[in-house]
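Visitor:
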Amino acid sequence: MRTVRVNLGSNSYDILIGAGLLAEAGKFLKDAGFSGKVVIVTDSIVKGLHAGALEQGLKREGFQTVTLEVPVGEEHKSLETAGRLYKELSDFHAERNTPILALGGGVIGDLTGFVAATYLRGVPLVQVPTTLLAQVDSGIGGKVALDYGTLKNKIGAFYQPKLVIADIATLKTLPARQLLSGLAEVIKYAVIRDRELLTYIEERLDMIKSLDAAALEEIIYRSARIKAEVVEKDERDTGVRNILNYGHTIGHAIESVSDFQIAHGEAVAIGMVAAARISNKLGMLGEDELNRLTRVIERTGLPTEPPKLNLAEIIKAMGHDKKIISGRVRFVLPRKIGEVIVTDEVNQSQVEKVLAE
Ligand SMILES: NC(=O)c1ccc[n+]([C@@H]2O[C@H](COP(=O)([O-])OP(=O)(O)OC[C@H]3O[C@@H](n4cnc5c(N)ncnc54)[C@H](O)[C@@H]3O)[C@@H](O)[C@H]2O)c1
Ligand SMILES: [Zn+2]
């Protein structure tokens, strides 16, 4: 097992990464100072696959558990579902010190986190991420949110978990497309901060794709470490946390114009290559590094080229991205692999050129 500490003063916490951790969850919660009741929130797919192991791991250490089930899908990351969960927490007599465990992907993590942040003005949250994306990204950093109509992720809070338990054994049941989507975020971390991680992925891509435990542990550990470091510097997302949006400016636009037919990670992969090309055109990222990045993304099976979507719509959607400041679209561009800059000096015609090529 590997541990990453997130240092945020009195809100500090550990991220535990390893295979088979669900079975030991009771021990980890005890070590974190909890006892008595715990609530698990999960979705109907993850419940059937992994809730049993977590419940047993908790009961073994004397915890009393109740598992609340949410239907699968982003559309349930809603105020309506939150309302239902508040009611169920109240029926279970959850108290101020009753921890709520979010067992699932980013949807469950965001929803449960929001409920934990607001129920009784805040009850302890434990993230138990079961997708690669949630283990390296959404489960860490304390951004919790709901969607409301077209306001995606706009009703939320900064609310750090007390603990993150990332059991890599849960990834064995994850559909391949979901794994790839998470891998796009791992590649993102390599490009923004960790050259060695890119080399590691290049050398061990087959092991990663076949879910070799040591390889998964290594890439998740390195990714979590980078996310933790960035969050430590900028918990409230007013500065350096921006770099985590590498590949997301164009990615979000493609995702939304495709009407979410293109998965998040796929769109981010396309966005990372596009941003790298823009950087290359601006004389920053060298041709060899651009090719190296494109090649590794291709080898994973993620797309590198934008699909046939309306270019004007993509450009327009970029304007709607929340990362714009004073009317200019903000880009994260790699200067070299392992180092990025944030700029709003990219003009529309440069973006159009790269996307049209
Ligand atoms: N809070 C943040 O910082 C942050 C960051 C990135 C993304 N997000 C949010 O995360 C969400 C996406 O998360 P996601 O990609 O994990 O999607 P998800 O939570 O929808 O999970 C994807 C699918 O995989 C299933 N699943 C989960 N774990 C499984 C497992 N181990 N085996 C088999 N199936 C499993 C789920 O039931 C679901 O059908 C979005 O709502 C996004 O807004 C939040
Ligand atoms: Zn992302």
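Just so you know, this note's numbering puts 285 at position 238 of the sequence shown, and the rest follows in order with no gaps.
Virtual Cβ for every residue (Gly too), placed ideally from N, Cα, C.
Model, not experiment: these values are computed from the prediction.
1. With distances taken from CA atoms, which of Ile187, Arg342, Ser303 is nearest Leu291?
2. So what's Asp184 in DSSP terms, helix, strand or just coil?
3. Quick one: what's Glu386 bridged to in DSSP?
4. Measuring CB atoms only, is the stretch 61-79 touching the stretch 103-111, in the sense that at least three cross pairs come out at less than 8 Å?
5. Among Thr145, Val320, Gly83, whose alpha-carbon lies nearest the alpha-carbon of Arg168?
6. Can you tell which of Asp284, Arg272, Asp306, Glu399 has the C-alpha that lies nearest to the C-alpha of Arg240?
7. With burial defined as no fewer than 16 other Cβ atoms inside 10 Å of the residue's Cβ, what is the status of Asn289: buried or exposed?
8. Any contact between the stretch 242-249 and the stretch 122-131? By contact I mean 3 or more CB pairs, one from each, below 8 Å.
9. So Phe161 is in the beta strand (DSSP E); what residue range does that whole segment cover?
10. With contact counted as at least three CB pairs below 8 Å, one residue from each stretch, are the stretch 187-200 and the stretch 220-227 in contact?
11. Can you tell me which of the three DSSP states Ile62 falls into?
12. Write down every uninterrupted run of the alpha helix (DSSP H) in the stretch 312-372 whose length is 4 residues or greater and which is fully enclosed by it, in chain order.
13. Check Tyr195 in the structure and name its three-state DSSP category.
14. With the cut-off set at 8 Å, would you say Thr114 and Gly152 are in Cβ contact?
15. Closer than 7 Å: is that where the CB of His295 sits relative to any heavy atom of ligand 2?
16. Is it a yes or a no for the stretch 351-369 touching the stretch 256-264, going by three-plus beta-carbon pairs under 8 Å?
17. Measuring straight from C-alpha to C-alpha, what distance separates Met365 and Ile325?
18. So what does DSSP say about Ser125, is it helix, strand or coil?
19. I believe Leu150 touches Leu101 by the beta-carbon criterion, under 8 Å. Please report the beta-carbon distance rounded to the nearest angstrom.
20. According to the Cβ coordinates, are Ile267 and Val343 closer than 8 Å?
21. Is any heavy atom of ligand 1 found at a distance shorter than 7 Å from the C-beta of Pro222?
22. Between Glu249 and Val53, what straight-line distance do the alpha-carbon atoms span, to the nearest angstrom?
23. Hey, Val117 and Leu158 are a contact pair by Cβ (cut 8 Å); roughly how many whole angstroms apart?
24. Between Lys94 and Lys219, what straight-line distance do the alpha-carbon atoms span, to the nearest angstrom?
25. Hey, how far is the Cα of Thr341 from the Cα of Val320?
26. Round the Cβ separation of Val407 and Ala141 to the nearest angstrom and send it over; I've been treating them as touching at under 8 Å.
27. Kindly indicate the opening and closing residues of the alpha helix (DSSP H) around Asp284.
28. Any idea if Pro222 is buried or exposed, counting beta-carbon neighbours within 10 angstroms, 16 or more meaning buried?
29. Say the cut is 7 Å; is the CB of Glu232 nearer than that to a heavy atom of ligand 2?
30. I'd like to check one pair, Gly318 with Thr296: are the Cβ atoms closer than 8 Å?
31. For ligand 1, is there any heavy atom lying closer than 7 Å to the beta carbon of Asp284?
Guide: The structure says:
1. The shortest C-alpha separation from Leu291 is found at Ile187.
2. helix
3. Lys383
4. yes
5. Thr145
6. Arg272
7. Asn289 should be labelled buried.
8. No, the stretch 242-249 is not in contact with the stretch 122-131.
9. Phe161 -> not in any beta strand (DSSP E); alpha helix (DSSP H) instead, spanning 153-165.
10. no
11. strand
12. As far as the stretch 312-372 is concerned, its whole alpha helix (DSSP H) runs of at least 4 residues are 334-347, 358-367.
13. strand
14. The answer is no: Cβ separation not under 8 Å.
15. yes
16. no
17. 15 Å
18. Strand at Ser125.
19. 6 Å
20. no
21. yes
22. 28 Å
23. 7 Å
24. In this structure, the alpha-carbon of Lys94 lies about 15 Å from that of Lys219.
25. If you take the alpha carbons of Thr341 and Val320, they lie about 6 Å apart.
26. Absent from the structure is residue 407, since the part of the chain shown begins at 48 and ends at 404.
27. Where Asp284 is concerned, there is no enclosing alpha helix (DSSP H), because DSSP gives it neither an H nor an E.
28. exposed
29. yes
30. yes
31. Flag unset: Cβ of Asp284 not near ligand 1.
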